[in-house]
Amino acid sequence: MKTYIHNIQLLVNGKLEHDCSLLIENGVIQAVNPASVEENAPKLDGKGMFVSPGFVDVHVHLREPGGERKETIETGTLAAAKGGFTTICAMPNTKPVPDSEEHLYDLQLKIRENAYVRVLPYASITVRQAGKELVDFEALKKLGAFAFTDDGVGVQQADRMLQAMTEAARVEMPIVAHCEENTLVFQGVMHEGKRNKELDLSGIPSISECVQIARDVLLAEATGVHYHVCHVSSKESVRVIRDAKAAGIRVTAEVSPHHLLLTEEDIPSNDANWKMNPPLRGKEDQLALIQGLEEGTLDFIATDHAPHMAEEKSHGMEKAPFGIVGLETAFPLLHDAFVKTGKWTLQQLINYLAIKPAEVFGMPYGKVEQGAVADLVFLDLTKERAIDAETFLSKGRNTPFQGRTCTGWPVKTMVAGEIVWQEENA
């Protein structure tokens, strides 16, 4: 089956070129700007849209199985498609946890039956993410685990993490880490800084994150494992990762859109739609994250999409769960704040959302070139619209960006050449 996509914009050597075309056959890009096409080939008018490689998000909470009231594989992957994501990696904090061949196999069946975009499931590092008994790394790798993580809780015991990294290195798989030293959290619900005192809420110090990263990069050096740090939030963490990379340690890291765009000072009140883990930190942290991303200390952006029910988030910072949604708003928020203002080029943003995450984890995605899988997102870079959580395809409405106006919205998403979502009249 061939499809000829014409009248589109593409990035060529970092520059936006107009009136471009793609020839797709059997889910693969056969040619970029082909010299000719068969007269009877199905044609798709791109209506002048910018076509990017589909975005890749290695940090998504789909909640299913066990948390279907918050999100399902169907609703989460529809939200991903609407946001321009064609490959997402599902975190293992579900019930049951994918910590055995049986549980991972059952999850893969659900994904095959219900997913609208490509879903690569993580396996946990420890059984039930309890931080004690290690999973069978080799068996779970053979079954198709994307990588290993206990995201959401972190591995507290250094000897357990050393054993996990040793096993992961042996089977040549990455360890992906939520870094949080529990003894330094002090039951905090937001960043320990200026704003938590004004709101009379308990704080989470930055050192709770960076001290565990510092531990882990040394363990990674000792084992040689690929160690990836989730949602970096503080300037100290950026410094530790920078030093580790300079020392030749195999460490990569991600940063979330909300940590790039917001600080603790933006939190308007005791509103749990601003409660996430790690928390929004200070202005110096925000600037360090942006610098870290631009210089390559932080490798790419991941959303940490974490849907919760409105009722759960209605109880204020002290009682509500951590987390916000992000799949449907990541591109327009970042495009508006960094590309439209001239701080980043469009190529930089595509690198952070599509190209680099695929490269870091060795995925064959994030490309618009001959021979690449036709994972594509069509974007209207001039379209201006306010974020309205009530229109989300995710079950989650928990966003601190409600009402913010952004420019640059996805209008159509293809996975392997098949349209999986499009705006009405797109």
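The UniProt record's numbering puts the first residue of the sequence shown at 1, with every later residue one more than the last. Glycine residues also receive a C-beta, built at the ideal position from the N, C-alpha and C atoms.
- Task: Compute the distance between the beta-carbons of residue 119 and residue 77, then report whether it is under 8 Å.
- Result: yes
- Query: Going by DSSP, what residues sit across from residue 50 in a beta bridge?
  - Reply: 9, 379
- Message: Checking the sheet assignment: what are the DSSP bridge partners for residue 414?
- Response: 376, 419
- Item | Straight-line Cα distance separating residue 73 from residue 293 | 30 Å
- Task: With DSSP as the reference, please indicate the residues paired to residue 300 in a beta bridge.
- Result: 254
- Report the partner residues of residue 409 according to the DSSP bridge assignment. 380
- Task: With a floor of 4 residues, list each alpha helix (DSSP H) that falls wholly inside the segment 90 to 126, ordered by position along the chain.
- Result: 101 to 114
- Per DSSP, what kind of secondary structure is residue 365 in: helix, strand or coil? coil
- Per-residue DSSP class, three states only, for residue 335: helix
- Message: Can you find the residues in the same chain that come closer than 7 Å, C-beta to C-beta, to residue 103, ignoring five residues on each side of it along the sequence?
- Response: 96, 97
- Could you say if the segment 299 to 306 and the segment 374 to 383 meet the contact criterion of at least three C-beta pairs nearer than 8 Å? no
- Message: For residue 166 and residue 147, I'd like the C-alpha separation in whole angstroms.
- Response: 14 Å
- Helix, strand or coil: which one does DSSP assign to residue 195? helix
- Item | residue 406 versus residue 335: straight-line alpha-carbon distance, rounded | 8 Å
- Message: Here's a check: name, in chain order, each residue in its chain whose Cβ is nearer than 7 Å to the Cβ of residue 189, leaving out the five neighbours to either side.
- Response: 201, 202, 275, 317, 318
- Message: Between 162, 107, 156, which has its C-alpha nearest residue 221's C-alpha?
- Response: 162
- For residue 277, the nearest candidate out of 382, 337, 288, 152 (CA to CA): 152
- Query: Is it buried or exposed for residue 196, if we count other Cβ within 10 angstroms and need 16 for buried?
  - Reply: buried
- Query: In whole angstroms, what separates the C-alpha of residue 65 from that of residue 192?
  - Reply: 34 Å
- Grab the span of the alpha helix (DSSP H) containing residue 31 for me, first residue to last. It is not in any alpha helix (DSSP H) - residue 31 instead sits in the beta strand (DSSP E) that spans 28 to 32.
- Query: Going by DSSP, what residues sit across from residue 385 in a beta bridge?
  - Reply: 406
- Message: Please report the distance separating the alpha-carbon of residue 229 from that of residue 241.
- Response: 9 Å
- Reducing DSSP to helix, strand and coil, say where residue 175 ends up. strand
- Looking at residue 101 and residue 140, is the spacing between their C-beta atoms short of 8 Å? yes
- Message: By the three-class DSSP mapping on this structure, what secondary structure does residue 243 have?
- Response: helix
- Query: What are the start and end residues of each continuous alpha helix (DSSP H) run of 4 or more residues lying completely inside the segment 182 to 226, in chain order?
  - Reply: 195 to 198, 207 to 223
- Message: Whole angstroms are fine: how far does the CA of residue 238 sit from the CA of residue 160?
- Response: 24 Å
- Candidates 90, 225, 415, 11: which alpha carbon is nearest residue 307's? 90
- Is the beta carbon of residue 434 sitting closer than 8 Å to the one on residue 144? Given that the chain is displayed from residue 1 to residue 426, the structure contains no residue 434 and the question cannot be resolved.
- Unbroken beta strand (DSSP E) run spanning residue 45, endpoints: 43 to 45
- Item | Nearest candidate by alpha-carbon position, reference residue 428, set 383, 421, 261, 353 | Any answer about residue 428 is impossible in this case: the structure gives the chain only from 1 up to 426.
- Item | Span separating the alpha-carbon of residue 410 from that of residue 390 | 17 Å
- Task: Grab the span of the beta strand (DSSP E) containing residue 17 for me, first residue to last.
- Result: 15 to 25
- What separation, rounded to the nearest whole angstrom, lies between the Cα atoms of residue 13 and residue 310? 44 Å
- Message: Assuming residue 285 is part of the beta strand (DSSP E), what are its boundary residues?
- Response: Counting along the chain, residue 285 falls outside any beta strand (DSSP E), though it belongs to the alpha helix (DSSP H) covering 283 to 295.
- Query: Is DSSP giving residue 135 helix, strand or coil here?
  - Reply: coil
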